[in-house]
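The structure appears right after this line, and notes come after that.
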Amino acid sequence: MKKLLAISVSALLILVIVLVIKTLTYPFAKLSDNQPEPTKVAISEKSISRFAKGVQFATISYIDSAENNFAVYDSFRLYVRNAFPNVFKQLHDTLINKHQWLLHWKGKNTSLKPILFMSHYDVVAPGSSDPKDWKYGPFSGAIAEGRVQGRGTIDMKSVAFALLESADTLLASGFIPERDIYIALDPDEEVGGIRGAEKLAIYLKEKGLFFETIYDEGGIVAAPGTAEGINQNIAFVGMGEKGVVGYRIKVKGLGGHSSMPPLESAAGRAAVIMQRLEKNQLPQRLIEPTENFLKVAGAGMGFMGKMAIANQWLLKSLLLKQMEKNPQANALTRTTTAITMLKGSDGNNVLAPEVDVVINFYFREKLQKMCWRISKKLAKDTK
Ligand SMILES: [Zn+2]
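For the sequence shown, position 92 matches number 91 in numbering that gives the first Met the number 0, and the numbering has no gaps at all.
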């Protein structure tokens, strides 16, 4: 018995030593101890108020564009034009397919390939329209708590205005870019870009325009602690984008008056399907860019985080479990499942003869492979 205990203790000790050595020798990125403080750019009152007013336009894009209020898009662009008179005096702007905006800034050297900066001025629907649900209205553009509040402040009128402010400032200083610069402001990025980016691509191809670089929506630049477990300033460079596919599930059942309901309603069955979808998440996997991200981000983590990354031969499932707890990290590891829209009966005492559920999958695997998995899962669910 004593011998067995001794063996177990030494085995455990060896394991701990191996874990520690592996952690200490893992090729984490080297971070210098005295990182320079990021340069803080003074933002003028004028810039802040120009941006805050821009947030007030409810340029919401819907999958079914019939729901869009395009008059708001028009008035948003008119507002921007008036807010940046110098930019629009000196840059040439074009509207493609009515709402896709393209600004062209002529450079000195026409033999150089131009650069394209992209942003979008549409936003996703705010969900609740009940003012009680909001501290600051989604289109208030309130300046409070040291921030501009509202839809599009992060995603991504912020970038559109940053581009316009930069151009405005540079123009005022007499700057002429080396090469041509294009700024594209998209009207429907949130719903796939069929009316905007796609038409822009066709337009640019027809003009024979090819770019040296394209800068588009990417990750975030964040203070220490913003990304869980990372105690350093961090800038995420987006290298790819997941695809998204939406499925609508119709669950049929018995309609009628709710005073004589069946034991199993369409709504109840839909609930079971939704619960199973959430419980049976698609498998997690670390792909190469995520592995590389962990190598860099891990350098800013505490010892336990480092140990999990460095010892995936033993702790991979623990690492994935930990990542799963955080929605951002989770999204890096798998095709995500999100139940988004739900429709049952409209009446308090009416049974829904049909319940509609919409699920969004943000995927990175081959679509075909994924569809197969989902259809298998759904077949199981509806049995
Ligand atoms: Zn966006």
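Here a beta-carbon is modelled for each residue, glycine too, at the ideal position from N, C-alpha and C.
Residue burial classification, residue i (beta-carbon count within 10 angstroms, cutoff 16)
i	result
Gln148	buried
Ser60	buried
Asn310	buried
His256	exposed
Gln99	buried
Pro186	buried
Asn67	buried
Ser9	exposed
Lys382	The predicted model places Lys382 with a pLDDT of 47, which falls under 50 and marks its position as unreliable; any figure quoted below should be read in that light. By the 10 Å Cβ count, Lys382 comes out exposed.
Trp312	exposed
Phe75	buried
Met306	buried
Val354	buried
Leu11	exposed
Gly184	The amino acid at residue 184 is misidentified as Gly; the sequence shows Leu. Looking at its Cβ environment, which holds 16 or more other Cβ atoms inside 10 Å, Leu184 is buried.
Lys2	exposed
Ile219	exposed
Val17	exposed
Phe174	exposed
Leu77	exposed
Ser264	buried
Ile114	buried
Leu4	exposed
Ala166	buried
Ile392	Only positions 0 to 382 of the chain appear in this structure, which leaves residue 392 out of reach.
Of the residues the options, the one placed nearest residue i, counting alpha carbons only
i	options	result
Thr168	Glu323, Gly343 and Ser46	Ser46
Thr212	Gln274, His256, Phe116 and Lys29	Phe116
Glu189	Gly218, Lys198, Asp154 and Pro223	Asp154
Ser258	His119, Val349 and Tyr72	Val349
Leu102	Tyr246, Ala159 and Leu341	Ala159
Gln274	Phe174, Gly224, Leu317 and Val356	Val356
Val383	Arg363, Ala296, Ala70 and Lys198	For residue 383 there is no data in the structure shown, the boundaries of the chain being 0 and 382.
His119	Gly53, Ile20, Leu276 and Lys320	Gly53
Glu177	Thr152, Leu262, Asn108 and Arg146	Asn108
Check: residue i C-beta below 7 Å from any heavy atom of ligand 1
i	result
Glu290	no
Met155	yes
His119	yes
Glu216	yes
Glu240	no
Glu205	no
Glu177	no
Glu164	no
Glu353	no
Glu263	no
Glu36	no
Glu188	yes
Beta-carbon spacing of residue i, residue j below 8 Å
i	j	result
Asn85	Leu170	yes
Ile358	Ala330	no
Lys112	Phe235	no
Thr334	Phe292	no
Met322	Thr332	yes
Gly254	Pro137	no
Val122	Thr22	no
Gly242	Ile180	no
Phe266	Gly343	In the sequence as presented, Phe is not what sits at residue 266; that position holds Ala. Taking 8 Å as the Cβ cut-off, Ala266 and Gly343 qualify as a contacting pair.
Val295	Arg268	no
Gln283	Leu319	yes
Arg150	Pro130	no
Arg194	Ser64	yes
Phe56	Val71	yes
Phe87	Arg80	yes
Cβ of residue i within 8 Å of any chain C Cβ
i	result
Lys39	The chain inventory of the structure shown lacks chain C, comprising one protein chain alone.
How do the stretch 197-208 and the stretch 89-97 stand: do at least 3 beta-carbon pairs fall below 8 Å, yes or no? Using a Cβ-Cβ distance cut-off of 8 Å, the stretch 197-208 and the stretch 89-97 are in contact, since at least three pairs of beta carbons, one from each stretch, lie closer than that value.
contact_flag[the stretch 227-246, the stretch 276-296] where n(CB pairs < 8 Å) is 3 or more: Touching, yes.
The stretch 24-31 contacting the stretch 291-302, beta-carbon criterion three pairs below 8 Å: Between the stretch 24-31 and the stretch 291-302 there are three or more C-beta pairs closer than 8 Å, enough to call the two in contact.
Does the pairing of the stretch 217-231 with the stretch 132-144 give three or more beta-carbon distances under 8 Å? Taking one beta carbon from each stretch, the stretch 217-231 and the stretch 132-144 have fewer than 3 pairs nearer than 8 Å; the two do not touch.
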